[in-house]
Structure formats: structure tokens, C-alpha cells
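A short write-up of the structure that comes next.
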DNA sequence: ATTTGTGAAAAGATTCACAGCT
DNA sequence: AGCTGTGAATCTTTTCACAAAT
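Residue numbers (full-length UniProt numbering), protein chains in the order written: chain A, 1 to 280; chain B, 1 to 280.
Pasting the structure below:
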């Protein structure tokens with residue numbers, strides 16, 4: 001999950017569960033593909049497969065939007081595309097600004113997926129004077145000094161932050177002061193924003209860390225020894241184990257589960273002094 | 001949430017809830033920052049604030065790992081960094097390959113957040129012969145032809161896909177055949193993979209769409225008058241201008257909206273009143 | 001005097017299973 | 001005959017609130 005909500009705790013939006021909202025774009029993408037192939041109708045089963053979910057979930061999700069299907073037949077593709085687009089607010093045009101035009105910012109500026117939905121990149125903004133005027137994705141980079149003016153003139157309410165972590169909080173404050181109320185944050189930092197502002201974050205390294213966790217467990221599953229620390233396998237009930245034959249083939253892990261030495265190495269910075277304490 | 005799990009449904013890893021695993025990297029980042037400032041201990045309240053969660057959740061999360069705190073005092077920062085790192089499998093080295101060195105792939109290759117954890121970019125791979133040998137982030141791009149060899153020689157078990165959508169499925173199959181068991185997918189497509197392979201996806205446009213949903217609702221909240229029908233005259237109305245200031249004017253939703261709209265729509269026939277839907 | 005760790009309650013999400021409509 | 005829509009059951013996650021520890 002590159003995702004994370006920050007605000008909007010209580011007010012579950014218009015009765016549509018957050019989990020459902022998060023899947024609507026998935027359905028929309030699958031439907032758009034069907035639409036392009038001129039497929040007129042689709043069953044919950046087919047659409048669910050295309051979107052990578054199961055059909056019960058999909059039907060439940062759609063039930064929050066209304067009764068848009070036809071029993072015995074399925075869903076009308078075009079109609080559903082429209083309904084979901086409207087629900088997501090994609091039938092209107094959303095100007096966005098991207099702040100921080102480094103590698104990632106440039107990648108985002110070039111990313112076609114924005115434009116193809118209701119999003120329009122209204123401006124690219126960077127703090128480096130040397131960047132100013134340089135064209136990225138066919139549009140000149142503007143300087144941070146003009147941030148407020150750009151936001152206001154374009155009626156921007158969604159900002160994308162792709163700056164280094166250190167700059168993100170300040171950038172968010174300026175965006176918000178100028179009128180932005182939704183932020184997509186790629187900087188690896190927690191933004192603190194006032195009530196009423198939504199923040200979603202995408203953190204590339206967090207995703208990898210979650211994968212590493214599962215990867216590690218896969219490795220540990222077959223080498224049921226090697227135990228440093230609490231491997232609590234017995235109590236965990238190996239019965240449910242993924243004992244799939246499709247076990248990870250590639251023997252990767254050179255050293256499986258080193259202990260304190262590894263910690264010291266990792267942390268070994270200027271003051272890296274790892275307490276030797278280590279019960280469990 | 002840009003995030004989404006694809007596999008791993010039943011086997012809840014080693015008793016640690018998936019939701020908790022997803023937050024561990026967050027805690028780790030906050031702890032690392034404290035560690036760098038040589039803060040020796042931290043309370044659940046402080047750490048929770050730094051990580052952007054509430055303290056009850058944090059304590060519950062930590063309780064799945066063990067009893068690593070001291071009542072009346074808090075948590076030892078260094079010790080906790082080590083424990084979480086170990087739990088996530090970051091005390092070992094994870095070689096990863098990035099396939100698809102376009103804008104995004106290059107951004108990922110340059111992203112410092114990988115290297116600073118246990119991740120090492122072992123190779124950059126692209127299908128374009130013209131890219132071969134060109135240095136990106138100080139390392140030569142290699143051709144897809146050598147993919148299998150690279151995976152095997154480096155013992156890679158985690159692959160990052162940053163190719164266009166059309167190439168992603170095939171790339172994933174080759175990665176998996178060569179031994180990769182975890183994939184981070186940036187291509188906007190659903191990968192179908194065998195059991196035992198984990199896929200996480202990050203979709204930039206999905207995140208924006210979720211923000212748009214909430215943004216739209218905010219707008220509708222204050223413009224609770226304007227009894228428009230089920231009409232969503234978005235782009236027509238304002239073009240660029242969602243008005244200035246914090247409150248975008250373009251409201252889409254009539255408060256009474258859905259029920260009536262749905263009913264009307266259904267009466268109108270299977271397809272009748274479907275307005276021109278913007279094709280992607 | 002604080003702050004953890006955790007049962008128990010509450011809220012939320014998913015899955016089941018089938019009535020009801022086409 | 002087939003497929004949606006949805007209550008009911010189940011599972012997961014979050015929050016509460018307080019005993020236990022230092």
C-alpha cells in the first residue's frame with residue numbers, strides 16, 4: 001500500500017465506505033478497458049476478475065452506489081463508467097500542481113495516467129532557480145516564489161508534493177494557505193495539516209519493506225530452524241500454512257537472521273551504540 | 001491508498017496482522033529520525049504523533065511484536081529500531097531489480113530511500129536496446145535479454161516493475177520464472193501471478209482519484225443549495241476555474257442526489273440517458 | 001506519577017448464501 | 001436459467017479503559 005489516509009476520520013463520506021472508494025478507480029480502469037473494446041455488458045464475476053477482486057465484494061461495493069445492474073444480465077459498461085466517474089468526481093476538471101521537479105516530479109509530470117482522467121497538470125513548481133523556465137513534459141517549470149499566485153489563478157485544490165522530505169511540510173503549508181485542500185505526498189515524511197485538508201501519501205520504500213517482511217517469512221517457512229529470536233511457529237498453528245508447492249525457488253538469503261551484529265552494522269552511524277539488551 | 005495487496009489472503013503472517021505490518025515502516029522511520037537526534041527513549045504518545053497514528057494503535061501494534069517497552073518510561077529507541085528492522089527483515093540485504101527505466105524507473109533508481117534501508121538496486125533492466133549501457137543513477141542499464149541471468153546471479157527475489165502497462169504481465173512472468181517471489185508493480189494493470197508470489201501495487205492516478213472523491217464531497221458540502229439534478233456538468237461549467245480560494249465552487253452532487261438519480265436512471269432504460277462519457 | 005500492555009467493546013470490512021428480479 | 005442486490009454471519013481492525021509495572 002502506497003497509500004495512507006491522514007485526515008477524514010469520522011465523516012464517512014456520503015455513506016460510501018472508504019474501502020469501497022479506494023476500489024472504485026480499479027473498477028473504473030477495468031471498465032474503461034472493456035469500453036474500449038466495445039463490450040456492452042459485463043457480469044460481476046467477469047468485472048471482478050478483471051479488477052482483481054472477488055465478485056461478492058464488487059457487488060457489495062456497487063450496492064453503495066445504487067442499483068446499476070440488471071439481474072440475469074449484468075452491468076451496462078458505458079453506464080457504469082459514467083456512474084463511477086461521476087461518483088469519483090472525474091466528470092469535472094481538476095487542475096493540479098506538482099511541487100518539486102526532481103526525478104520523481106518529472107516522472108509524474110510525464111505520467112499519462114493523470115491527464116487521461118479528469119486531472120490536468122496546471123503547473124510545475126520547483127525551488128531551484130536554475131530549473132525555472134526549463135521545459136519538463138512540455139511545460140515550463142515555475143519558481144516557488146509564484147506558488148500562491150499559480151494556485152489562485154488556476155483554482156487549484158489538489159497539490160502533489162515531490163520535494164525532498166525536509167521541504168515537504170513547509171510546501172504543504174504554503175499550498176494550504178493558498179487554497180489547496182487535498183495533497184498527494186510523495187515525500188517520506190508525515191505532514192501535519194489542519195482539519196479539512198486531506199492528505200494521502202505514497203512511500204516507495206514502505207512498499208518494499210512490506211514486501212521484504214513477507215519475503216522473509218517465506219524464506220523462514222522452509223528453513224524452520226535458523227531461529228534467532230521468537231519464531232513462535234508452534235503456537236501460530238502451522239496448519240494454515242501456505243504450504244504451497246510453489247515455494248520460492250531462488251535461494252537468496254545468504255545469512256538468515258543474524259542478530260545484534262547486524263543491528264550494530266545497520267545503525268553504525270556516528271553515535272550508533274546499540275544497547276546489548278536482548279531478551280526475547 | 002496506493003497500496004493494495006494481491007496475494008496472501010489467508011495466512012496471516014506469524015500472527016502479526018497485515019494492518020500492523022503496514023505500519024511498521026512508519027514507526028521505523030520515526031524511530032530512525034529520533035535515533036539520529038540521539039534521543040534515548042520515547043513514549044508511545046510521542047512516537048505515535050511522529051508517525052502520524054494514535055498511541056493506542058501503536059501500543060497494540062507493538063504488543064504483537066513482544067513487550068519491548070518499559071512501563072512508566074517508554075521505549076528504548078535503539079532497541080526498538082533493531083527489533084522492528086529485524087521483524088521486517090531489514091537486517092539482511094535485499095537485492096532488487098528495476099525493470100523499465102523510463103522516467104519513473106529512473107526516479108526509483110535514484111531514490112535514496114531504498115539504499116538507506118536493506119535494499120540494494122542490483123540491476124536496471126530495460127527492453128530498449130538504445131538504453132543498454134547508458135548509465136542511470138551511476139549504473140549501466142542492462143537489456144531485458146539478460147533478465148534471467150541477472151536474477152539468478154544476484155539471487156534477486158524482489159522485482160520492481162516500472163514498465164508500460166502492456167509489458168507488465170509478461171515481465172512479471174519472466175521475473176517469477178527466474179525466481180522472483182515478490183513484485184512491486186507501478187504499471188497500471190492487474191498482474192496475475194501464481195500462488196506464493198506477493199504483489200503490491202502503487203498506482204499514482206488511483207491516489208489522485210481518491211483525493212478527487214473527497215475533494216468533490218467537500219465542495220458539495222458547502223454548496224448544499226443548488227438543487228441540480230443528477231447532472232454533472234463539470235468541465236462545461238468552469239473549465240479551469242474551480243474558482244479561487246479554498247472552496248472550489250464546482251459542485252457535482254445534489255444532496256438528495258443518489259437515490260433519485262439512480263431511480264430516474266433505471267427508469268430511463270438500460271442505456272437511455274447515458275451522457276457522453278469521456279473516454280480515457 | 002507515568003506509561004505500557006492488553007482484555008473487551010465497538011466499528012468496519014469481507015464473505016456467505018439466497019431471495020428476488022429479468 | 002442466470003445474475004444482481006443484500007441481510008446475516010464472520011473476520012479484521014480500531015478504540016476504550018484500566019490493571020500491572022516501574
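All residues carry an ideal CB built from backbone N, CA and C; glycine is no exception. Here the structure is a predicted model, which means the values were calculated and not measured.
Does any C-beta atom of chain B lie closer than 8 Å to the C-beta of residue i?
i: residue 118/A; result: yes
i: residue 170/A; result: no
i: residue 188/A; result: yes
i: residue 90/A; result: yes
i: residue 202/A; result: yes
i: residue 127/A; result: no
i: residue 114/A; result: yes
i: residue 216/A; result: yes
i: residue 20/A; result: no
i: residue 157/A; result: yes
i: residue 59/A; result: no
i: residue 101/A; result: no
i: residue 182/A; result: yes
i: residue 37/A; result: no
i: residue 29/A; result: yes
i: residue 135/A; result: no
i: residue 194/A; result: no
Please tell me whether residue i and residue j are closer than 8 Å, where the distance is taken between their beta carbons.
i: residue 24/B; j: residue 84/B; result: yes
i: residue 147/A; j: residue 174/A; result: yes
i: residue 99/A; j: residue 162/A; result: yes
i: residue 144/B; j: residue 168/B; result: no
i: residue 76/B; j: residue 101/B; result: no
i: residue 151/B; j: residue 142/B; result: no
i: residue 34/A; j: residue 88/A; result: no
i: residue 194/B; j: residue 156/B; result: no
i: residue 74/A; j: residue 41/A; result: yes
i: residue 158/B; j: residue 191/A; result: no
Just to confirm my understanding: we take residue i, look at its own chain, exclude 5 residues before and 5 after, and list those with CB closer than 7 Å. What are they?
i: residue 235/B; result: For residue 235/B, the predicted structure reports a pLDDT of 30, less than 50, and the residue's modelled location is therefore unreliable. A value from the coordinates is still provided. Cβ within range, chain order: n/a, list empty.
i: residue 244/A; result: Note that residue 244/A has pLDDT 29, beneath the 50 cutoff, so the model's placement of it is unreliable and no number is given.
i: residue 241/B; result: For residue 241/B, the predicted structure reports a pLDDT of 31, less than 50, and the residue's modelled location is therefore unreliable. A value from the coordinates is still provided. Taken in chain order, the list of residues that qualify is empty.
i: residue 55/B; result: 44, 45, 48
i: residue 78/A; result: 35
i: residue 172/B; result: 161, 183, 191, 193
i: residue 131/A; result: 101, 141
i: residue 93/A; result: 118, 120
Give a yes or no on whether the minimum CB-CB distance between residue i and chain A is below 8 Å.
i: residue 104/B; result: yes
i: residue 108/B; result: yes
i: residue 50/B; result: yes
i: residue 207/B; result: yes
i: residue 111/B; result: yes
i: residue 198/B; result: yes
i: residue 211/B; result: yes
i: residue 144/B; result: no
i: residue 140/B; result: no
i: residue 17/B; result: no
Between residue i and residue j, which are expected to be in contact by the criterion C-beta below 8 Å, what is the C-beta distance as a whole number of angstroms?
i: residue 86/A; j: residue 211/B; result: Contact flag wrong, Cβ pair sits at about 16 Å.
i: residue 213/A; j: residue 21/B; result: 5 Å
i: residue 118/A; j: residue 90/A; result: 4 Å
i: residue 202/A; j: residue 202/B; result: 6 Å
Short of 8 Å in beta carbon distance, which residues of its chain neighbour residue i, apart from the five on each side in sequence? Order them along the chain.
i: residue 51/A; result: 23, 26, 27, 29, 30, 58
i: residue 139/B; result: 109, 121, 123, 124
i: residue 66/B; result: 83
i: residue 197/B; result: 7, 176, 180, 181, 182, 183
i: residue 129/B; result: 143
Among residues of its own chain, excluding the 5 on either side of residue i, which ones have a beta-carbon nearer than 6 Å to its beta-carbon?
i: residue 69/B; result: 75
i: residue 154/A; result: 95, 122
i: residue 134/A; result: 141
Does the ligand MN have even one heavy atom less than 7 Å from the beta-carbon of residue i?
i: residue 192/B; result: Questions concerning the ligand MN fall outside what the structure shown contains, since it holds no ligand whatsoever.
*Is the segment 178–187 of chain A in contact with the segment 50–69 of chain B, if contact means three or more CB pairs nearer than 8 Å?*
no
*Is the segment 90–110 of chain A in contact with the segment 153–167 of chain A, if contact means three or more CB pairs nearer than 8 Å?*
yes
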